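Colleague: Here's a structure for you.
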Amino acid sequence: MGIADYLGETSGRSVGLVVSALEAIGHDTAGLDRLALASSFAQGESQWVWETILRLVQAGVPHAAVEREIPVKAMLGSRIDLRVYETVVEFKSAFTHFFLNNREQASIDWFSKDWEKLRAMNGHGVFVLTLATAAGFTHRHRAITRGTSNDWRSDRTRGLAAYTDFLTRRCGGPVTHVEVGCAVVPASQDRVMLDALVAPID
Numbered sequence: 035m036g037i038a039d040y041l042g043e044t045s046g047r048s049v050g051l052v053v054s055a056l057e058a059i060g061h062d063t064a065g066l067d068r069l070a071l072a073s074s075f076a077q078g079e080s081q082w083v084w085e086t087i088l089r090l091v092q093a094g095v096p097h098a099a100v101e102r103e104i105p106v107k108a109m110l111g112s113r114i115d116l117r118v119y120e121t122v123v124e125f126k127s128a129f130t131h132f133f134l135n136n137r138e139q140a141s142i143d144w145f146s147k148d149w150e151k152l153r154a155m156n157g158h159g160v161f162v163l164t165l166a167t168a169a170g171f172t173h174r175h176r177a178i179t180r181g182t183s184n185d186w187r188s189d190r191t192r193g194l195a196a197y198t199d200f201l202t203r204r205c206g207g208p209v210t211h212v213e214v215g216c217a218v219v220p221a222s223q224d225r226v227m228l229d230a231l232v233a234p235i236d
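Have a look at this one:
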């Protein structure tokens with residue numbers, strides 16, 4: 035199913051809408067390259083949000099149904115990344131090796147504020163964890179692969195499995211994996227494999 039199949043939905047199929055938008059990114063070479071470049075410098079959360087919004091609007095989601103940086107009234111100074119219809123969406127980005135190199139508590143500490151923001155909105159929420167795996171990295175961020183093996187495919191598989199299990203337990207619902215695609219960082223030979231894990235939070 036594509037984004038058009040979910041137009042007008044307020045909550046019941048909101049995860050499907052987000053998943054479809056992420057899948058659409060994988061069909062756009064320019065979008066993949068932008069995400070690869072952003073991921074080579076940092077986690078790239080903001081770029082993921084904008085690429086998702088672009089796919090939603092291109093597919094016909096009304097501009098008025100999409101909102102960016104929504105204040106969380108119960109948490110002064112906090113904002114939610116995105117609202118699509120009545121569903122709020124929070125993005126978090128990481129490298130797949132992070133879970134492999136650190137104790138689970140490190141991820142709990144890192145994500146807990148995002149989950150708290152979603153639950154404070156008293157509605158349907160979606161948590162999107164985007165993951166980048168360095169595949170042949172010569173960039174200055176070579177250190178992001180520290181502690182992993184020389185086989186990026188194995189590291190990616192293990193990292194995805196670990197994060198999926200973690201989110202299933204912590205978010206309380208099914209986690210959907212989107213294999214977004216592999217892209218080359220512009221002006222270099224660095225390749226980045228991009229994935230997303232989508233979890234509903236009510």
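For what it's worth, this note's numbering labels the leading residue of the sequence shown as 35, then goes sequentially. Heads up, the beta-carbon is just placed ideally off N, CA and C, and yes, glycines get one too. All values reported here derive from a predicted model rather than from experimental measurement.
Rounded to whole angstroms, what's the CA-CA distance from residue 65 to residue 59? Just pull it up for me.
Modeller: 6 Å
Colleague: Can you have a look at residue 235 and say buried or exposed, based on whether 16 or more other CB atoms are within 10 angstroms of its CB?
Modeller: buried
Colleague: Checking 9 Å against the spacing of the C-beta atoms, do residue 230 and residue 90 come in under that value?
Modeller: no
Colleague: Checking the sheet assignment: what are the DSSP bridge partners for residue 210?
Modeller: 232
Colleague: Leaving out the 5 sequence neighbours to the left and right, which residues in its chain are closer than 7 Å to residue 207 when beta-carbon positions are compared?
Modeller: 233, 234
Colleague: Any idea if residue 82 is buried or exposed, counting beta-carbon neighbours within 10 angstroms, 16 or more meaning buried?
Modeller: buried
Colleague: Report yes if the CB atom of residue 220 is closer than 9 Å to the CB atom of residue 67, and no otherwise.
Modeller: For the pair residue 220 and residue 67, the CB atoms are nearer than the 9 Å cut-off.
Colleague: Pick out whichever of 218, 226, 212, 188 has its Cα sitting closest to the Cα of residue 52.
Modeller: Residue 52 has its Cα closest to that of 212, out of 218, 226, 212, 188.
Colleague: What would DSSP say about residue 115, mapped onto helix, strand or coil?
Modeller: Here residue 115 sits in strand by DSSP.
Colleague: Can you list, in chain order, the residues of its chain with a C-beta nearer than 6 Å to that of residue 174? Leave out the 5 residues immediately preceding and following it.
Modeller: With a pLDDT of 44 at residue 174, under the threshold of 50, the modelled position of this residue cannot be trusted; read the value that follows with caution. Within the same chain, no Cβ atom closer than 6 Å to the Cβ of residue 174 is found once the five residues on either side in sequence are excluded.
Colleague: Could you pull out every residue in the same chain whose Cβ sits closer than 8 Å to the Cβ of residue 198, ignoring the five residues on either side in sequence?
Modeller: 209, 211, 231
Colleague: For residue 41, which three-state DSSP category applies?
Modeller: Unreliable placement is indicated for residue 41, whose pLDDT of 46 sits below 50; no coordinate value is reported for it.
Colleague: Using 9 Å as the threshold, is the C-beta distance between residue 163 and residue 127 below it?
Modeller: Yes, they are a contact pair.
Colleague: State the DSSP-derived secondary structure class of residue 85, mapped to helix, strand or coil.
Modeller: helix
Colleague: For residue 50 and residue 125, what's the separation of their Cα atoms in angstroms?
Modeller: If you take the alpha carbons of residue 50 and residue 125, they lie about 16 Å apart.
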